[in-house]
Amino acid sequence: MRYFSRLTTTTLLLAAFFEPRLSEAQRTINSTLTLPTELPTGNYDLEVFGNFSTVLAIANPPDERNTLYFAERSGRIIVYSDLENQIREQDPFLVIPSTVTTNGENGLLGLAFHPQYRLNGYFFVFYTSQRESGERTNRVSRFRRSQSDPFLADPDSETILFDQVDQANNHNGGDIHFGPDGYLYISLGDEGAGNDSYQNSQVTNGDFFAGLARIDVDRLPANIEPTEHPDAPRDSEGKAYYSVPVDNPLVSRWQEGGGDPESDLRLEFYAIGLRNPWRMSFDPATGDLWTGDVGQGAREEIDIITKGGNYGWAFREGFIGGPRSQTPPLGFETVVEPIHDYPRSQGTSITGGVVYRGSRLPELEGAYIFGDYGSNRIWALFPDPNGVSPNIEQITSVSNPVAFARDPSNGDILICSLSGTIRRLVRGSGKEPVFPETLTQTGAFKSLITLEPENGIIAYEPNVSFWSDHAAKQRWVAVPEGTVAFSEDDPWTFPTGTVWIKHFELDLERGNPQTSVRIETRFLVKTPTSIYGLSYRWNEDQTEAYLVANEGEDILYNIQSEGEQIEQTWRIPSRQACLQCHTAVAGYALSFNARQINRTLTINENEQNILSYFSEIGILDTAIVDPQSIASFAQLDDPTKPLLEKVRSYLAVNCVSCHQPGGTAPSNWDARPHIPIEDMGLINGSLVDNRGNSNRRLVIPGSNELSVLLSRVQGSHGYQRMPPIGSNVIDDEGIQLLSDWISLVPPTDSSFEEWLITFFSSANSSDAAASADPDRDGNSNLLEFMTFTHPLNSEDFWRPEITQIERQAQVRFTMPPSRNYEVQISHDLENWDTWIVPGNPPQSDPIEEIQADIEGLLPESANNRFLRIQISPEP
Numbered sequence: 024m025r026y027f028s029r030l031t032t033t034t035l036l037l038a039a040f041f042e043p044r045l046s047e048a049q050r051t052i053n054s055t056l057t058l059p060t061e062l063p064t065g066n067y068d069l070e071v072f073g074n075f076s077t078v079l080a081i082a083n084p085p086d087e088r089n090t091l092y093f094a095e096r097s098g099r100i101i102v103y104s105d106l107e108n109q110i111r112e113q114d115p116f117l118v119i120p121s122t123v124t125t126n127g128e129n130g131l132l133g134l135a136f137h138p139q140y141r142l143n144g145y146f147f148v149f150y151t152s153q154r155e156s157g158e159r160t161n162r163v164s165r166f167r168r169s170q171s172d173p174f175l176a177d178p179d180s181e182t183i184l185f186d187q188v189d190q191a192n193n194h195n196g197g198d199i200h201f202g203p204d205g206y207l208y209i210s211l212g213d214e215g216a217g218n219d220s221y222q223n224s225q226v227t228n229g230d231f232f233a234g235l236a237r238i239d240v241d242r243l244p245a246n247i248e249p250t251e252h253p254d255a256p257r258d259s260e261g262k263a264y265y266s267v268p269v270d271n272p273l274v275s276r277w278q279e280g281g282g283d284p285e286s287d288l289r290l291e292f293y294a295i296g297l298r299n300p301w302r303m304s305f306d307p308a309t310g311d312l313w314t315g316d317v318g319q320g321a322r323e324e325i326d327i328i329t330k331g332g333n334y335g336w337a338f339r340e341g342f343i344g345g346p347r348s349q350t351p352p353l354g355f356e357t358v359v360e361p362i363h364d365y366p367r368s369q370g371t372s373i374t375g376g377v378v379y380r381g382s383r384l385p386e387l388e389g390a391y392i393f394g395d396y397g398s399n400r401i402w403a404l405f406p407d408p409n410g411v412s413p414n415i416e417q418i419t420s421v422s423n424p425v426a427f428a429r430d431p432s433n434g435d436i437l438i439c440s441l442s443g444t445i446r447r448l449v450r451g452s453g454k455e456p457v458f459p460e461t462l463t464q465t466g467a468f469k470s471l472i473t474l475e476p477e478n479g480i481i482a483y484e485p486n487v488s489f490w491s492d493h494a495a496k497q498r499w500v501a502v503p504e505g506t507v508a509f510s511e512d513d514p515w516t517f518p519t520g521t522v523w524i525k526h527f528e529l530d531l532e533r534g535n536p537q538t539s540v541r542i543e544t545r546f547l548v549k550t551p552t553s554i555y556g557l558s559y560r561w562n563e564d565q566t567e568a569y570l571v572a573n574e575g576e577d578i579l580y581n582i583q584s585e586g587e588q589i590e591q592t593w594r595i596p597s598r599q600a601c602l603q604c605h606t607a608v609a610g611y612a613l614s615f616n617a618r619q620i621n622r623t624l625t626i627n628e629n630e631q632n633i634l635s636y637f638s639e640i641g642i643l644d645t646a647i648v649d650p651q652s653i654a655s656f657a658q659l660d661d662p663t664k665p666l667l668e669k670v671r672s673y674l675a676v677n678c679v680s681c682h683q684p685g686g687t688a689p690s691n692w693d694a695r696p697h698i699p700i701e702d703m704g705l706i707n708g709s710l711v712d713n714r715g716n717s718n719r720r721l722v723i724p725g726s727n728e729l730s731v732l733l734s735r736v737q738g739s740h741g742y743q744r745m746p747p748i749g750s751n752v753i754d755d756e757g758i759q760l761l762s763d764w765i766s767l768v769p770p771t772d773s774s775f776e777e778w779l780i781t782f783f784s785s786a787n788s789s790d791a792a793a794s795a796d797p798d799r800d801g802n803s804n805l806l807e808f809m810t811f812t813h814p815l816n817s818e819d820f821w822r823p824e825i826t827q828i829e830r831q832a833q834v835r836f837t838m839p840p841s842r843n844y845e846v847q848i849s850h851d852l853e854n855w856d857t858w859i860v861p862g863n864p865p866q867s868d869p870i871e872e873i874q875a876d877i878e879g880l881l882p883e884s885a886n887n888r889f890l891r892i893q894i895s896p897e898p
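As structure tokens, then:
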């Protein structure tokens, strides 16, 4: 294998900008790149049906082919009263009057119309709520159509069927449908967290979790009353608002045991062993019930649900063993195998779909159309009539698909994105895209030996690099005619045809660039509506790189590290995986924004600011006169930058593509760098998954053990390591940075202003005022500074104890080092004097924290007597 000495950034920039000085530089438009700027769509196109706020369920009343109802996550239901003419009613059909929670995976999750809706006006919803006590709940309710307007519901007509406490805000299931038998089917997640933390899988004598329920909302005479459950309300006669079909699989066992109405056996269960059944649907032709079950960390699966079926969770995950596979329960050998499963390399969160029974795409007849929220892929699954493995074909891609439905007027497939856009799957007229087969054919470089770019392809370097498993990276950008829309805080907008290039090299001996080998060179191309990514893998001779297939590739390297040989797997991502991080909400190009490239580099033998240079040559649409006034990321090895500023930069670069409003992560914290830290939801932030430990938070100042942010980066405590793609090697330096910040104890000799900068980045923010109390623990910032407590942790505060029995008073408090303490007394709260008693003022220790215990008599003469403790720094 040939080794190359790694090119320096200076050399690259000299090659890119040639001879002119900055003030004389002219913009060159590249004309050599051969990458297509618009992709053909293949056999299928996607037409925009409409834009909403995130829709998680679509339903239509039975026998109504021209109306369709859209359940938005926020609690609104929108109605199209005339599909043929695309007439959308101005007023929502319903805004659920109760509080609908929308954090994590919560929201209005399910909508179903009664089979006799035309006569009785009943429809049903599944949504998450919160009680006054703070308890989260999963609620199934019935509402009624307004008597005065067929396209309005009566918001006061809610009847709650059950309102079950749920300790987490994920794995809710939440889809509801009426089956061909007229019963209501309800999908139920395992309550949340990971690894079956709440131990609900395989449990039928507890609550309604980890399975599928079937109930009779009409309370037919042949069916039975459910067993009592504290979260299933009863009417004035003590009856539930639904009954249990007498042929539900657990009913016979309950009857054989005596039919105790107070039994904890949950007769509602129709099937068990599901982790998070996210979207289910009935095939209108066969009555089969299909569901997609989201996996833990290994497999995503598709199941056809049968009565009494056990689908294996948490002892199975897809076709393989699950997290509790070593201790299966009795009778577990009867588990129902999935129809299909797939690994994390193809997707990370399945979204169950629908069976196509339309007329306009006959080649898809009988195919199950489903997708993956993480990889954005949309597949067609063609069942094998002989019962062997189905045929799977990717037919298109959609950003973050969250639900599927059918257009009742023609059977077309509708696909809902997290963003709120709903698209229709239609016939396409395109063909497969043609990409250059070699790096040479891309037209990016004049020489593959030196990696000198072609004219108009400009080298740049970000302030903070995304962690890439010890690889060294070089970057270039080519901007076509037009300009980049500049913003200080928001992502930039790029003209179609913008191309970013990133080149990766790896030292086979850690820290020795003479052993560096070229791994791959990636391209990211802006299209009119999105982006696409390609990668070229270098050959053994390091003379050429070849286009990697759509699914990506793994490469195994033997690395010498600290005298030992280790194996490192390098993952070249699939083209779909590129879209998981390079999202629209993140601006597509993650290292190309104001904070990243606001830095100086050597350009034409001059140290110049790259933002100013791009502005002067006409790439940016904004004149950059004073780049120092624009925020920039703190380089992680810069000793002059505050620790918090470096942490914020690290989190923004490595996490923001998913963790921000509109991002793909279900958690609630916001990694954007311009958000005040108190608004990030990070400090003491709630969790989607606490792994069964309710004491955990995103970040608990002073506790690395309970801070899940750190556990995620480490991949510890059973958490999947973050970021979820793009890395196979632990980022030790990043972990150390976060550990130092979380466990931070400022030095005892720091000034108040230095202390403020440590925690707030700036001493000028409102939360950094001396009298401010941002964590609301009752202690001001100044007092937190004097007592060495954390200003952003409400559980870390200094509090003295004062007790009095008649005239005898006792004052006890801890004395952090390097401070002077004095107990003072007053009769009017204005005039204060030293309390003259033995041991006051107490003597603190210069190094260790010790306890002060001061006791004495209060003056007999004063009616009012007040005590306080004065703390001052040692001189």
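Under my numbering, the first residue of the sequence shown carries the number 24, and numbering increases by one thereafter. C-beta: ideal position from N, C-alpha, C; glycine also.
In chain order, what residues of the same chain lie with their CB nearer than 7 Å to the CB of residue i, ignoring the 5 residues before and after it?
i: Glu17; result: Examination of residue 17 is not possible in this model, given that the chain is present from 24 through 898 alone.
i: Arg888; result: Ile848, His850, Leu881 and Pro882
i: Val421; result: Leu69, Gly394, Asn399, Ile401, Ile438, Ser440 and Arg446
i: Glu528; result: Arg29, Ala494, Ala495, Ser539, Val540, Arg541 and Ile542
i: Phe808; result: Phe775 and Trp778
Using the three-state DSSP reduction, which class does residue i fall into: helix, strand or coil?
i: Gly282; result: coil
i: Leu678; result: Looking at the sequence shown, residue 678 is not Leu but Cys. Helix, per DSSP.
i: Asn843; result: strand
i: Pro536; result: helix
i: Leu384; result: coil
i: Ile578; result: strand
i: Tyr293; result: strand
i: Ser180; result: strand
i: Ala508; result: strand
i: Asp326; result: strand
Here's a check: name, in chain order, each residue in its chain whose Cβ is nearer than 6 Å to the Cβ of residue i, leaving out the five neighbours to either side.
i: Cys681; result: Thr687 and Ala688
i: Asn727; result: Leu733, Ser762, Ile765 and Ser766
i: Gly862; result: Ile877
i: Gly575; result: Ile595, Pro596 and Ser597
Tell me the DSSP bridge mates of residue i?
i: Tyr555; result: Val548
i: Ser569; result: The sequence given here places Tyr at residue 569; Ser does not occur at that position. DSSP lists Thr461 and Arg560 as partners of Tyr569.
i: His200; result: Tyr208
i: Ile392; result: Val377 and Ala403
i: Val163; result: Phe149 and Phe185
i: Arg111; result: Tyr103
i: Glu878; result: Gln833
i: Leu353; result: Its beta-bridge partners do not exist; DSSP assigns none.
i: Val71; result: Arg446
i: Met838; result: Ile873
i: Asn333; result: Ile295
i: Phe637; result: Answer is none; Phe637 lacks a bridge partner.
i: Val711; result: Its beta-bridge partners do not exist; DSSP assigns none.
At which residues does the alpha helix (DSSP H) containing residue i begin and terminate?
i: Leu733; result: Val731 to Gln737
i: Gln588; result: Premise fails: Gln588 lies in the beta strand (DSSP E), Glu587 to Ile595, not in any alpha helix (DSSP H).
i: Glu776; result: Phe775 to Phe783
Span of the beta strand (DSSP E) holding residue i?
i: Arg450; result: Thr444 to Arg450
i: Tyr742; result: Looking at the DSSP string, Tyr742 is not in any beta strand (DSSP E), and its letter there is neither H nor E.
i: Met303; result: Pro300 to Phe305
Report, in whole angstroms, the separation of the C-beta atoms of residue i and residue j, which I expect to be a contact under 8 Å.
i: Ser266; j: Asp283; result: The Cβ separation is near 17 Å, so there is no contact.
i: Val118; j: Arg99; result: 5 Å
i: Tyr980; j: His137; result: With the chain covering 24 to 898 only, the question about residue 980 has no answer from this structure.
Is it the case that the CB of residue i approaches a heavy atom of the ligand HEM more closely than 7 Å?
i: Pro203; result: You won't find the ligand HEM in this model; it holds no ligand whatsoever.
Skipping 5 residues on each side, what residues in its chain have a beta carbon closer than 8 Å to that of residue i?
i: Leu729; result: Asn716, Asn718, Arg719, Arg720 and Ile723
i: Ala245; result: Val269
i: Thr122; result: Ser152 and Gln153
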